[in-house]
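Student: Pasting in a structure now, in structure tokens, and then I'll have a few things to ask.
Residue numbers (this note's numbering): 262 to 646.
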């Protein structure tokens with residue numbers, strides 16, 4: 262890049278003539294030790310020239326984007342790295358790079374046998390995706406999403422897989438893309454796998470992407486089929502990702518089949534109770550919301566399992582006094598469920614808490630529990646790498 266700037270600013274000459282004493286002879290740049298070094302400064306590298314006109318390219322964005330389709334494998338790798346760096350530094354650069362046509366060439370590099378080329382290209386796409394207009398450019402590029410998912414599943418390096426997950430998280434910020442991403446073969450399974458076995462950063466990227474996907478009502482079945490529910494339940498025991506995992510579960514259990522899938526996990530209720538005891542304020546909020554909706558949508562079996570959980574009454578009382586405003590509201594609603602079930606059990610001589618509550622589940626919903634009522638971790642942002 263330094264050499265490019267030198268040629269762009271000062272131009273170049275093949276030969277400098279020394280007219281001293283009336284003679285003409287070649288005069289290399291002063292201070293250069295060898296002719297070889299002098300030639301390095303006098304000859305414009307082919308990578309700096311427009312592939313069509315062969316003139317020095319004046320726009321570094323065009324230079325980097327244009328280098329990918331015409332260069333050697335090493336040249337393409339270097340160009341992808343430069344695009345990655347340019348896309349890291351500002352909003353304008355991200356827009357200019359996409360307008361220059363970088364995205365189609367970057368996604369072609371995702372299948373490169375070179376781990377360096379693949380890593381740089383997927384990271385460049387991640388940085389470009391931060392620009393909202395570029396999200397649509399990436400999603401509209403036929404085959405690009407599938408290639409990103411392929412890197413997520415089979416990437417050469419850990420960083421490439423991490424950045425592919427982060428790219429899906431960035432793209433899933435657009436509601437219309439959530440269903441498309443979830444329907445892409447292997448996408449949800451790969452995110453669930455990262456959440457289960459990845460590094461702390463990989464787990465964070467995966468759980469935030471799964472949270473985003475769970476906010477689309479039509480993705481619930483797909484997430485259950487892909488095993489994401491099981492992985493989210495297991496993640497409740499991981500402090501670094503428990504908050505988002507509880508939020509995703511609170512969204513999934515709104516559907517009866519989602520509630521059934523969650524309650525079938527032996528550790529689900531215990532994990533959510535643990536979050537109410539030891540989680541962050543937002544984590545406690547999401548956990549009590551998940552338990553409340555589990556009672557509403559899961560029928561008598563789910564309700565009985567929740568209200569019989571050890572220490573629930575004490576935790577609800579604590580949350581009513583110390584929780585966030587939303588958490589207190591959820592705790593009050595769940596406390597009413599608990600109280601009704603206890604009263605019904607006494608009234609019916611212990612026939613079971615579910616018998617008395619199941620018929621009233623629809624009528625006892627809070628009007629405040631709407632689609633946006635699960636606490637979304639707004640502090641999470643897409644990394645620029």
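All C-beta atoms, glycine included, are put in the ideal place defined by N, C-alpha and C.
Taking Cβ to Cβ, would you say residue 422 is nearer than 9 Å to residue 459?
Tutor: Contact flag set, yes.
Student: Could you check whether the stretch 515-526 touches the stretch 568-576, counting it as contact only if at least three pairs of C-beta atoms, one from each stretch, sit closer than 8 Å?
Tutor: Cβ pair count under 8 Å is below three, so no.
Student: In chain order, which alpha helix (DSSP H) runs of at least 4 residues are fully inside the stretch 551-603?
Tutor: Fully enclosed alpha helix (DSSP H) runs of 4 or longer: 560-568 and 573-583.
Student: Beta carbon of residue 384, beta carbon of residue 420: below 9 Å?
Tutor: Yes, the pair counts as a contact, with Cβ atoms nearer than the cut-off.
Student: Label residue 540 either buried or exposed according to how many other C-beta atoms from any shown protein chain fall within 10 Å of its C-beta, with 16 as the threshold for buried.
Tutor: The residue is buried, with at least 16 neighbouring Cβ atoms inside 10 Å.
Student: Pull up the distance between the alpha-carbon of residue 564 and that of residue 592, whole angstroms please.
Tutor: Straight-line Cα distance between these residues: approximately 15 Å.
Student: So, are the CB atoms of residue 431 and residue 390 less than 9 Å apart?
Tutor: Contact: yes.
Student: Leaving out the 5 sequence neighbours to the left and right, which residues in its chain are closer than 8 Å to residue 376 when beta-carbon positions are compared?
Tutor: Same-chain partners within the cutoff: 417, 418 and 421.
Student: Determine the direct distance from the alpha carbon of residue 502 to that of residue 491, and round the result to whole angstroms.
Tutor: Those two C-alpha atoms are separated by around 14 Å.
Student: With DSSP collapsed to three states, give me the class of residue 342.
Tutor: In this structure, residue 342 counts as helix in the three-state DSSP scheme.
Student: Between which residues of its own chain and residue 439 is the CB-CB distance below 8 Å, once the five residues before and five after are set aside?
Tutor: Closer than 8 Å at Cβ, skipping near neighbours: 433, 473, 474, 476, 477 and 480.
Student: Is it right to say residue 403 is buried, meaning 16 or more other beta carbons lie within 10 angstroms of its own, or is it exposed?
Tutor: Exposed, by the Cβ-count rule.
Student: Looking only at its chain, what residues have a beta carbon closer than 6 Å to the beta carbon of residue 461, apart from the 5 residues adjacent to it on each side?
Tutor: Around residue 461: 501.
Student: What number of angstroms, rounded off, separates the C-alpha of residue 370 from the C-alpha of residue 447?
Tutor: Going by the C-alpha atoms only, they are around 20 Å apart.
Student: Counting only runs that start and end within the stretch 483-530, where is the alpha helix (DSSP H) found for 4 or more residues in a row?
Tutor: Complete alpha helix (DSSP H) runs here, min 4: 489-496, 503-513 and 517-524.
Student: In terms of residue numbering, what span does the alpha helix (DSSP H) encompassing residue 404 cover?
Tutor: Here residue 404 belongs to no alpha helix (DSSP H), and DSSP marks it neither H nor E.
Student: Residue 505: buried (16+ other C-beta within 10 angstroms of its C-beta) or exposed?
Tutor: By the 10 Å Cβ count, residue 505 comes out buried.
Student: Could you please give the first and the last residue of the uninterrupted alpha helix (DSSP H) stretch that includes residue 451?
Tutor: Here the alpha helix (DSSP H) through residue 451 covers 448-458.
Student: DSSP three-state call for residue 392: helix, strand or coil?
Tutor: Residue 392 falls in the coil class under three-state DSSP.
Student: Quick check on DSSP: helix, strand or coil for residue 417?
Tutor: Correct three-state label for residue 417: coil.
Student: Would you mind reading off the limits of the alpha helix (DSSP H) that contains residue 374?
Tutor: Premise fails: residue 374 is in no alpha helix (DSSP H) and is neither H nor E.
Student: Which stretch, first to last residue, makes up the alpha helix (DSSP H) that contains residue 470?
Tutor: Here the alpha helix (DSSP H) through residue 470 covers 461-475.
Student: Quick one, which of 557, 382 and 507 has its alpha-carbon nearest residue 518's?
Tutor: Nearest C-alpha to residue 518: 557.
Student: Rounded to a whole number of angstroms, what is the C-alpha to C-alpha distance between residue 408 and residue 562?
Tutor: The straight-line gap from Cα to Cα measures roughly 42 Å.
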